[in-house]
Amino acid sequence: MQSSGEKVVLNDGEVLRVEKLEVRFYTYAGVVHAVSNVSFYVREGETIALVGETGCGKTITTRAITKLIESPGRIESGIALFRRRNGQIVDLLKLDDEEIRKIRGDEIAYVFQDPSAALDPLYTVGYHFIETVKAHRNNVSKKNIIYLAIKLLREVAIPSPEVRVKNYPHELSGGMRQRSVIAISLSNMPKLLIADEPTTNLDVTIQAQILELLQELQKRYGMSMILITHNLGVVAETANRVYVMYAGKIVEEGNCETIFYNSAHPYTQLLLKAVPNPLKKIEKLESIPGTVPSLINPPPGCRFHPRCPFAMDICRKEEPPKIKLDDNHYVFCWLYTKR
Amino acid sequence: MSETLLRVENLKKYFRVRGSFTKKVRAVDDVSFEIFRGTTLGVVGESGCGKSTLGRTILRLIDPTSGRIIFDGRDVTKVKGKALREYWRNAQMVFQDPHTSLNPRMTIASILLEPIKSYRIYVEDEEKFLVEQLEMVGLGKEHLYRYPHELSGGQKQRVAILRAIIVKPKFVVLDEPTSALDVSVQAQILELLKNLQKIYNLTYMFISHDIAVVKYMSDAIAVMYLGKIVEIGDADTVFFNPLHPYTKYLLSAIPIPDPKMARDRKKVIIQGEPPSPINPPPGCRFHPRCPFAMDICRKEEPPKIEVEKNHIVACMLYAKK
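Chain order of the listed sequences is A and B. Mapped onto my numbering, the consecutive letters of the first sequence carry residue numbers 64 to 402. Mapped onto my numbering, the consecutive letters of the second sequence carry residue numbers 46 to 366.
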């Protein structure tokens, strides 16, 4: 794994900084450029959102950080600096399997989209806690872990947690399963929680409860959170900063309000117009013509150019540079270059 | 304009529970409403509230336990054979997941010809006809001899919609037609549905859990909770002046794609999840979670109260004391 020329440093107050991440999948159909040149950072105690449509690489990006990419996928290059609990700064992508396993599930925890698949149907909820804690701290007794489990299940608002720890996943409803998964992920007090579409399979009312819960827990434990979602409503409600992804690349980054009120990239603008806001009167929804391109042969230049209403000649040939528009507001688009 | 196309009266659909003679799932319980010609009724509710069962029962894909379905002036609750097929020609359905609702072993052309042949509709030049139809939903000649797996999700849903409207029905039940699609594609499909409605004066029943989408599509909205309609009325009325506590709760739970609006808005968070429809709570089914529950709510079923014209709410709070 080669590192880029300039030296990447983790600034004060940052938990994670990913630079120039590149992930490819070597399939029979060809090489899929799933994640190209993705850079982002997470500060302590903040929530960043990775937003984008299916197949834009948002899940792969976060999986790559903890080396959860399986063959035929490969992390080609990039740096992912992470500040550990003991203050040590490590490049996650350079760690070997043994070392990354110590961090994964302990300092960096995941909540996956489908809670039914994340829980093992053959084990009780309580056992999942035991497994998660024992993997990292073998000296804790099972009894103590169950006490911890009950405490955490109570915190995620599961009624009668003393009974629920003995339940198997199928005995819980979808919302309760997702709450349990969140509770399990918190059992090692992670520094960074990666929530991959945590509410996509749930009803709106349960979704509202889970989002509220995540925000509350984040405040209480001072965790940082990476929220992966396609739902712009969820982003508006929870994120501090937003990274918009399209076809394996970040196209725009900025504070939540900047992205919603002053978005610069045509894709962000169109995406925002495609979502109905129930509190506003909408005459017509804008739809983005065409579909997401194949990442086996991504379009040259800017990957959005075939669908972009403002596409110029240069967009078809050269990759757009990263342009600073304001503090914390960057866009990858030729429209904003100085001529 | 406001001519009733479909009227549903006290419709019930109970499912037997395996291994029990007495237990029943009351999926749809005493539901009544009307849909006017050329309009859209949106049905919202959480999963398991019976909204899909309602759609399927109305289309007679499953037989109702009791109640009446009156379509275009005819009682279709018990029709059989030819009359049922005639009803189906006029009332079609689009399913949620286009990946499973299209037969993977049939080409798009044969998928679309199936309803044409089945209803013995005469078409002079099949290929020309199909191309015309495909162009109407934003596809073209090049898609005619492809298989479903060669199309994207949005394109598949376009085919599924076309399959439903190709026999020129009057009424279409859309069961979560955009839930499996990405937002940018969702917008395309919603626009397509609106255009088709204008061209053919179609009447829609739009079932979805996404309230923002239902609001955008519908003229009237029905809110369901555990098999019952708790509130029904004009879309704007239900949305901006919700009366039932459940509707208020449901509306405040939608994430708003606007950070300022999201922050400023008053939130009603109610804990808990819907109870099982096998043994629904007595009285008002929402009372265990309702912050305004009174004694009477625990005992008696709330009456349907017409608070204003075309705005009916089933809640004791609005009953005259």
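Heads up, the beta-carbon is just placed ideally off N, CA and C, and yes, glycines get one too.
Between which two residues does the beta strand (DSSP E) carrying residue 312 (chain A) extend?
According to the DSSP assignment, residue 312 (chain A) belongs to the beta strand (DSSP E) that extends over 312-318.
Check the Cβ of residue 284 (chain B) against every Cβ in chain A and list those closer than 9 Å, keeping chain order.
Chain A residues near residue 284 (chain B): 341, 342.
Taking the CB atoms as reference points, tell me whether residue 276 (chain B) and residue 291 (chain B) lie closer together than 9 Å.
Residue 291 (chain B) sits close to residue 276 (chain B), with the two beta carbons spaced by under 9 Å.
Range of the contiguous alpha helix (DSSP H) that encloses residue 177 (chain B)
That run of the alpha helix (DSSP H) goes 171-181.
Residues in the region 228-253 of chain B having any Cβ partner in chain A nearer than 8 Å:
Residues of the region 228-253 of chain B with a C-beta less than 8 Å from any C-beta of chain A: 228, 229, 230, 231, 232, 233, 235, 236, listed in chain order.
Please go through the region 264-350 of chain A and give each complete beta strand (DSSP E) segment of 3 or more residues, from N-terminal end onward.
Entirely contained in the region 264-350 of chain A, the beta strand (DSSP E) runs reaching 3 residues are, in chain order, 287-292, 304-309, 312-318.
Could you please give me the residues that DSSP links to residue 248 (chain B) through a beta bridge?
Within the DSSP secondary-structure output, residue 248 (chain B) pairs in a beta bridge with B:216.
May I have a chain-ordered list of the alpha helix (DSSP H) segments no shorter than 4 residues that lie completely inside the region 81-126 of chain B?
96-103, all fully within the region 81-126 of chain B.
Where residue 293 (chain A) meets chain B, residues with beta-carbon distance less than 7 Å
Chain B residues near residue 293 (chain A): 227, 228.
Using a Cβ cut-off of 8 Å, which residues of the region 297-310 of chain B contact any Cβ in chain A, in chain order?
Residues 297, 298, 299, 300, 301, 302, 303, 304, 305, 306, 307, 310.
Partner residues on chain A for residue 199 (chain B), Cβ-Cβ distance less than 9 Å
What residue 199 (chain B) touches in chain A: 354.
Return the Cβ separation of residue 98 (chain A) and residue 120 (chain A) in integer angstroms, given the expectation that the two are a contact with Cβ distance under 8 Å.
Contact flag correct, Cβ pair sits at about 4 Å.
Residues, ordered as in the chain, of the region 174-188 of chain A that lie near chain B by beta-carbon distance below 7 Å
Flagged: no residues at all.
Closer than 9 Å, CB to CB, is residue 92 (chain B) near chain A or not?
Yes, contact with chain A.
Could you please tell me which residues of the region 312-328 of chain B, in chain order, have their CB closer than 7 Å to any CB of chain A?
If the cut-off is 7 Å between Cβ atoms, the region 312-328 of chain B has 314, 316, 318 near chain A.
Which two residues bound the contiguous beta strand (DSSP E) that contains residue 90 (chain A)?
Note, residue 90 (chain A): beta strand (DSSP E), 77-90.
Let me know if residue 330 (chain A) comes out buried or exposed under the rule of 16 or more other beta-carbons within 10 Å of its beta-carbon.
With 16 or more Cβ atoms within 10 Å of its Cβ, residue 330 (chain A) is classed as buried.
Kindly list the residues whose CB is nearer than 6 Å to the CB of residue 245 (chain B), restricted to its own chain and excluding five residues on each side of it in sequence; keep chain order.
The answer is none, since no qualifying residue turns up.
Could you name the residues of chain A that residue 257 (chain B) contacts, counting a contact when the two beta carbons are closer than 8 Å?
By Cβ distance, chain A contributes 296, 338, 339, 340, 341.
According to DSSP, is residue 281 (chain B) part of a helix, a strand, or is it coil?
Three-state DSSP puts residue 281 (chain B) in a helix.
Any beta-carbon of chain A closer than 9 Å to the one on residue 192 (chain B)?
Residue contact with chain A for residue 192 (chain B): absent (no Cβ-Cβ distance below 9 Å to any residue of chain A).
Start and end of the alpha helix (DSSP H) containing residue 226 (chain A)?
Residue 226 (chain A): member of the alpha helix (DSSP H) spanning 224-227, first to last residue.
Cβ-based contacts, 8 Å cut-off: residues of the region 255-282 of chain A near chain B
Answer in chain order: 266, 267, 268, 269, 270, 271, 272, 274, 275.
Any residues in the region 219-250 of chain A with a beta carbon nearer than 9 Å to a beta carbon of chain B? Which ones, in chain order?
Answer in chain order: 220, 222, 236, 237, 238, 239.
Is it the case that the Cβ atoms of residue 126 (chain A) and residue 87 (chain A) are separated by a distance below 9 Å?
Remark: C-beta atoms of residue 126 (chain A) and residue 87 (chain A) do not approach each other more closely than 9 Å.
Counted within 10 angstroms of its Cβ, other Cβ atoms place residue 400 (chain A) as buried (16 or more) or exposed
Within 10 angstroms of the beta-carbon of residue 400 (chain A) lie fewer than 16 other beta-carbons, which makes it exposed.
6 Å CB neighbourhood of residue 379 (chain A) in its chain, flanking five on each side removed
Taken in chain order, the residues that qualify are 364, 368.
In whole angstroms, what separates the C-alpha of residue 157 (chain B) from that of residue 108 (chain B)?
In a straight line, the C-alpha of residue 157 (chain B) is about 27 Å away from that of residue 108 (chain B).
Can you tell me which of the three DSSP states residue 267 (chain B) falls into?
Residue 267 (chain B) falls in the strand class under three-state DSSP.
Suppose only complete runs of 3+ residues qualify. What are the beta strand (DSSP E) ranges in the region 119-152 of chain A, listed by chain order?
Within the region 119-152 of chain A, the complete beta strand (DSSP E) runs of at least 3 residues are 136-146.
Using a Cβ distance threshold of 8 Å, determine whether the region 294-302 of chain A contacts the region 80-96 of chain A, with at least three qualifying pairs required.
No: the two stretches stay apart, fewer than three of their Cβ pairs being nearer than 8 Å.
Where does residue 368 (chain A) sit, in a helix, a strand or coil, going by DSSP?
It is helical.
Quickly, what does DSSP pair residue 138 (chain B) with across the bridge? List them, please.
Per the DSSP secondary-structure output, residue 138 (chain B) pairs in a beta bridge with B:218.
Under the three-state reduction of DSSP, which class applies to residue 54 (chain B): helix, strand or coil?
In the structure shown, residue 54 (chain B) sits in a strand (DSSP, three-state: E or B).
Per DSSP, what are the beta-bridge partners of residue 351 (chain B) in this structure?
Residue pairing of residue 351 (chain B) in beta bridges, as defined by DSSP: B:357.
Assuming residue 387 (chain A) is part of the beta strand (DSSP E), what are its boundary residues?
Residue 387 (chain A) -> beta strand (DSSP E) spans 385-389.
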